[in-house]
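Structure, as structure tokens:
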């Protein structure tokens, strides 16, 4: 199955090198307008996008995110915030004590923000731009929040670099559809896990991704997807996030 929209989505790749060509403000505004058409829970629209232009702030964020130098170099760098501040103000404007801090609100705001950002990326690619998500800003979310004056009841979820691509990397393989699309139950029609099928699926994807990495670089020729993901799962990642979210007024209940 194919059409222009499907083909555009399937051509997605992360772009980290950009031409020395600005993205004008009308284009950026148009992309944000399109992004806002994403689904949103209860029409809350629980997000705010910060267009970071200050060179010092961008360099600081680039350093704490990895470093990831493209954060400082990209024509556009955006920070996507999950944001419940308008929800709180709406309640207060009607004399209603706001009930905040619930786990469901954290989920709603994060999902709303992610849907908005993915819409924006698709819109950007449709007009010849490219970009990359920057989850590394969560390495030090407190510093990011301070730099960008992000208030309580909001937090930075991820960043995004955008610009006109100066590279055409190969598209990274994804799981086969039958690994993620199941019928009737989580495990498929039988409703029971199949360890042998899981091992076979992982081995097949290991082989597919290894071939991709070999084409990219000799240094990556022995990269094993399931092993690297297993090692990732065995690490403690960003242990301060829970305390940070609670300080911001999230995940209290």
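Residue numbers (my numbering): 1 to 253. Yeah, the Cβ is synthetic: ideal placement off N, Cα and C, and Gly gets one too. Quantities reported herein were computed from a predicted structural model and do not represent experimental measurements.
- Task: Pick out whichever of 1, 117, 71, 125 has its Cα sitting closest to the Cα of residue 56.
- Result: 71
- Query: Hey, quick one: how far does the beta strand (DSSP E) through residue 152 stretch, first residue to last?
  - Reply: Unbroken run through residue 152: none, as it is neither H nor E.
- Message: Which same chain residues end up closer than 8 Å to residue 139 when comparing Cβ atoms and leaving out the 5 residues on each side of it in sequence?
- Response: 64, 65, 66, 238
- Message: Which same chain residues end up closer than 7 Å to residue 215 when comparing Cβ atoms and leaving out the 5 residues on each side of it in sequence?
- Response: 170
- Sequence-distant residues of the same chain with beta carbon closer than 7 Å to residue 265, five excluded per side: Only positions 1 to 253 of the chain appear in the structure, and residue 265 is not among them; the question remains open.
- Query: In terms of residues, what are the limits of the beta strand (DSSP E) holding residue 78?
  - Reply: 76 to 83
- Message: On the DSSP letters alone, give me the boundaries of the alpha helix (DSSP H) that residue 244 sits inside.
- Response: 241 to 247
- Task: Determine the direct distance from the alpha carbon of residue 226 to that of residue 119, and round the result to whole angstroms.
- Result: 29 Å
- Message: Quick check on residue 61: buried or exposed, where buried means 16 or more other Cβ atoms within 10 Å of its Cβ?
- Response: buried
- Query: So, is residue 121 buried or exposed, given that buried needs 16 or more other C-beta atoms within 10 angstroms?
  - Reply: buried
- Item | Per-residue burial, residue 125 [other beta carbons within 10 Å of its own, 16 or more giving buried] | buried
- Task: Per DSSP, which residues does residue 64 bridge with? Please list them.
- Result: Per DSSP, none; premise fails for residue 64.
- Beta carbon of residue 134, beta carbon of residue 158: below 7 Å? yes
- Message: Do residue 79 and residue 153 count as a contact pair if the criterion is CB distance below 7 Å?
- Response: no
- Task: Please classify residue 52: does DSSP put it in a helix, a strand, or coil?
- Result: coil
- Task: Please say whether residue 48 and residue 83 have beta carbons closer to each other than 7 Å?
- Result: yes
- Task: Could you check if residue 10 is buried or exposed, using at least 16 other CB atoms within 10 Å of its CB as the buried criterion?
- Result: exposed
- Query: How close, in whole Å, do the beta carbons of residue 108 and residue 41 come, if the pair is a contact with beta carbons under 8 Å?
  - Reply: 5 Å
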